[in-house]
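What follows is a single structure, written as structure tokens, with notes after it.
Numbering (our numbering), first residue to last: 40 to 368.
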């Protein structure tokens, strides 16, 4: 029961942290005229920043301390509505602290399973979507930091303290090629997410779309635990490729997005298995891959799109992922 409670608390906090960050960025940074630069700073600290923080979390343990500090730091960013660049940096760093604290502890307690990881990572997309919607509207600005203070207290009171471990980043045999492949899968998934453009993704279908992103991550962990990682990856990415070819239909497009996101907890689990004792670093390494996938879209590079590109991204991900998963069932 303690493990389930810990995962649930960290997942709820993940939703609130991402909601609060999106709210602050849309409410104060977007209208400031510094949006482009602030987004780069925010994403750098929120995603690339998790790799060194992951090493620290492995060295000192206590993921709940990192997560609680992240909640407090994001709350502090709300004191800086007139300083958009500082707000972006502080909220991004707070976001990174929360993710690495929760991610490290969930990896450590999941006993080789991907299901708990899926539960932890899935609420983030919902938090970002809802936070952005509220930030554009007239919701009271005091609400997110109040909720975050409650989240910090819940994390501290309800999640157990994790012990530090001796950290080793040594890879043996095929470990480095496998970790490289997992890293590239995450870069490709991140980049493809920015390429997805559907004319029907408005109104109610926008909500369905983001729900499918979240559900895919949650279901992916459970499916890989029940069916085996290779079978789950083959089924989810193979079907996603086929459905992306029919993504002019909102039903097929949403189903493809759900299936495409199912491998996220699998890649996180696979990287942690290759680096035992370095759960925080492995989590941060793959969030750095997310940041790299964001850069081509941020730089507005001429990138291809369309159903065939989305389907090709699925098949390329599958070609990278299956060998990286080794001979696991």
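From the three backbone atoms N, C-alpha and C, an ideal C-beta is built for every residue, glycine too.
Would you check if the distance between the CB atom of residue i and the CB atom of residue j is smaller than 9 Å?
{"i": "residue 121", "j": "residue 74", "result": "no"}
{"i": "residue 231", "j": "residue 352", "result": "yes"}
{"i": "residue 271", "j": "residue 305", "result": "yes"}
{"i": "residue 65", "j": "residue 171", "result": "yes"}
{"i": "residue 194", "j": "residue 49", "result": "yes"}
{"i": "residue 143", "j": "residue 102", "result": "yes"}
{"i": "residue 336", "j": "residue 237", "result": "no"}
Check residue i in the structure and name its three-state DSSP category.
{"i": "residue 238", "result": "coil"}
{"i": "residue 366", "result": "In this prediction, residue 366 scores a pLDDT of 47, lower than 50, which makes its location untrustworthy; the coordinate-derived value is nonetheless stated afterwards. Coil, per DSSP."}
{"i": "residue 345", "result": "coil"}
{"i": "residue 352", "result": "helix"}
{"i": "residue 137", "result": "helix"}
{"i": "residue 383", "result": "Outside the modelled stretch of the chain, which goes from 40 to 368, sits residue 383, for which no answer is possible."}
{"i": "residue 318", "result": "helix"}
{"i": "residue 101", "result": "coil"}
{"i": "residue 304", "result": "helix"}
{"i": "residue 264", "result": "helix"}
Out of the options, which one is the CA nearest neighbour of residue i?
{"i": "residue 303", "options": "274, 56, 353, 160", "result": "160"}
{"i": "residue 321", "options": "103, 116, 76, 139", "result": "139"}
{"i": "residue 198", "options": "360, 46, 354, 186", "result": "46"}
{"i": "residue 277", "options": "261, 104, 296", "result": "296"}
{"i": "residue 359", "options": "145, 342, 307, 220", "result": "220"}
{"i": "residue 361", "options": "77, 343, 125, 269", "result": "269"}
{"i": "residue 222", "options": "323, 81, 345", "result": "323"}
{"i": "residue 128", "options": "145, 274, 86", "result": "86"}
{"i": "residue 97", "options": "291, 192, 200", "result": "200"}
{"i": "residue 119", "options": "104, 181, 283, 82", "result": "181"}
{"i": "residue 328", "options": "314, 229, 242, 284", "result": "229"}
For residue i, which residues from the same chain have a beta carbon less than 7 Å from its beta carbon, with the 5 sequence-adjacent residues on both sides left out?
{"i": "residue 132", "result": "84, 88, 112"}
{"i": "residue 62", "result": "170, 173, 174, 183"}
{"i": "residue 257", "result": "157, 158, 161"}
{"i": "residue 279", "result": "295, 298, 299, 353"}
Spatial neighbours of residue i within its chain, please: CB distance less than 8 Å, with the 5 preceding and 5 following residues excluded, ordered by chain position.
{"i": "residue 5", "result": "Shown here, the chain extends from 40 to 368; a query on residue 5 therefore has no answer."}
{"i": "residue 151", "result": "308, 312"}
Quick one: what's got a C-beta closer than 6 Å to residue i's C-beta in the same chain, skipping five residues either side?
{"i": "residue 357", "result": "276"}
{"i": "residue 253", "result": "161, 164, 165"}
{"i": "residue 263", "result": "153, 271, 305"}
Compare the C-beta of residue i against all C-beta atoms of chain C and say whether one is closer than 9 Å.
{"i": "residue 154", "result": "Of the chains in the structure shown, none is chain C; there is only one protein chain."}
How many whole angstroms separate the CB atoms of residue i and residue j, which I take to be in contact at a CB cut-off of 8 Å?
{"i": "residue 135", "j": "residue 94", "result": "With 8 Å as the limit, residue 135 and residue 94 do not qualify as a contact, their Cβ atoms being about 13 Å apart."}
{"i": "residue 318", "j": "residue 146", "result": "4 Å"}
{"i": "residue 57", "j": "residue 167", "result": "5 Å"}
Let me check you understand the geometry: is the CB of residue i closer than 8 Å to at least one non-hydrogen atom of the ligand PLP?
{"i": "residue 117", "result": "Only the bare structure without any ligand can be found here, which leaves the ligand PLP out of the picture."}
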